[in-house]
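Residue numbers (the working numbering), protein chains in the order written: chain W, 828 to 1102; chain Y, 5 to 261.
Structure, as structure tokens:
This is the structure:
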């Protein structure tokens, strides 16, 4: 009886969620004017936005991985005073409305902002540049990587690192030869999520970096501007962006690291934890 | 049990308690935000109707109306989006022009770009903000620039200094006020009394300036046409026109019905 109720609840929940998530995507797809997808792709404005989006989200993902990996490892393996505060600060961008993030970035790194004044004195201005797009993307996407990477590091059995230590492996040797390979699926998953988030970044970007074709107008901004003047162009752009994100997430599952999760060895343990 | 829930729901719904004044939803261009809020307070005081405002770029409002957003009034910052709304059956009856506006160039008080006159906008490295081509303020700015150019490359040089095309005029005011940009094209009315200490205005000569007409109309399928009409009547009345003038708008002139 209870088992039946659970089953019904699951089916209903799945149906509702599939409808809620799937229907809007379907609605976009059916509204695409036939044959216009490819012709729009040759539009220089769209090409520019596409190129800028791919470039900035790759750069920001690289920065996220380089800065995020040591931080995630630190959070997973050490305790220190103020750690809960640090964790909260790092998680904040996930729940912060992106426009608030953009305003905060402007007040911090803007020309007249807290740190911006010093940067300005050095001749560096960030707002309204491609660098500002990357900063906004890093700000918004780094928590996604950290969450996943941290779970990955935490999931490496302590016995393995202890064993490495008894064999007199240095911490860095153990990190690169034991911890890193075992956490790779979680790192790749985190990097992909973070890249997808960067690709879709809108609110912080338009507030902090502005909107100028070729410099700061990424795909989401181009979709927004087109929505106000040319609905058809906006639909086509949306579908292109959606396909890109879809490919990114599918690609994540097909990577060797993603496949590693299916092997019945240690990585499996890691990837279950990270999910 | 069921009846109990129903009663609770009814009690929780304010509309069921007693007949509250009708609330009309007003979709209006961002540049109207200050004056419309005050106009709403005035009409509430006089007629008891209340108003809910949604301010955004005219082009965005038109797009939202087209997608079925519920509204009682549509007020745009140019004829283009009102005609668009008319052609797409988004409004009922005819649109009336109730005010006019002009453009002005603003700079931060600190004036980091040393922009003191319009010619300075063309100096290389000056960071200029302007609306997108879709937003009326952006279109007017481009028109004014071409008027100012008089055959020179002034307009082209200013356009190459544009660091961002903003989607509504208020975000230009904010970013200039913060000192992030050196100058921006906004409406005269954006330099409101509270803004005067934060931005400086550089006038655009009458001969080159663009006059923006503000049309207003009843949205198609308005749920509260009475409340909407009361608001529109107020704007066109002597008191309403005086209020608009106080906020820096020009009178609609002979365009009033």
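Every residue gets a Cβ at the ideal spot worked out from N, C-alpha and C, and that includes glycine.
Linking residue 986/W to residue 902/W through their CA atoms gives a straight-line distance of about 19 Å. Within chain Y, no residue has its CB atom less than 8 Å from the CB of residue 946/W, the nearest being about 13 Å off. Assignment of residue 221/Y by DSSP, reduced to helix, strand and coil, places it in the strand class. Inclusion of residue 232/Y and residue 76/Y in the CB contact set at 8 Å is warranted, their separation being smaller than that value. CA-CA distance, residue 843/W to residue 61/Y, rounds to 34 Å. If you look at residue 193/Y, you'll find it isn't in any beta strand (DSSP E); DSSP assigns it neither H nor E. Residue 1074/W sits in a helix when the DSSP states are folded into three classes. Check the Cα spacing between residue 1023/W and each of 938/W, 917/W, 1076/W and 835/W: the tightest is with 1076/W. Excluding residues up to 5 positions away in sequence, 876 and 1038 lie with their Cβ nearer than 6 Å to the Cβ of residue 1044/W in the same chain. In chain order, 1033, 1038, 1051, 1052 and 1055 make up the part of chain W whose C-beta sits under 8 Å from the C-beta of residue 171/Y.
In the DSSP assignment, residue 1008/W falls within the alpha helix (DSSP H) that extends over 1007-1026. Three or more Cβ pairs drawn from the stretch 1061-1073 of chain W and the stretch 857-867 of chain W lie within less than 8 Å of each other, which places the two stretches in contact.
Uninterrupted alpha helix (DSSP H) stretches at least 4 residues long and entirely within the stretch 143-198 of chain Y occur at 158-164 and 173-181, given in chain order. Residues of the stretch 111-141 of chain Y whose Cβ lies closer than 9 Å to any Cβ of chain W, in chain order: 112, 114, 116, 131, 133, 136, 137, 138 and 139.
In this model, residue 1055/W and residue 982/W are separated by some 47 Å (Cα to Cα). Residue 201/Y does not reach chain W, its nearest Cβ partner there being about 16 Å away, counting only Cβ pairs nearer than 8 Å. In this structure, DSSP gives residue 255/Y an extended state, which the three-state scheme calls strand.
Taking the C-beta atoms as reference points, residue 185/Y is found no nearer than 8 Å to residue 119/Y. DSSP, reduced to helix, strand and coil, places residue 1052/W within a helical segment of the structure shown.
Within chain W, no C-beta atom comes nearer than 9 Å to that of residue 246/Y; the closest sits roughly 33 Å away. Nothing from the stretch 867-878 of chain W brings a Cβ to less than 9 Å from some Cβ of chain Y. 1025/W is the residue among 1059/W, 1047/W, 1025/W and 948/W whose C-alpha sits nearest the C-alpha of residue 920/W. At a cut-off of 8 Å, the C-beta of residue 177/Y has no neighbouring C-beta in chain W. Using a Cβ-Cβ distance cut-off of 8 Å, the stretch 996-1006 of chain W and the stretch 915-929 of chain W are not in contact, since fewer than three pairs of beta carbons, one from each stretch, lie closer than that value.
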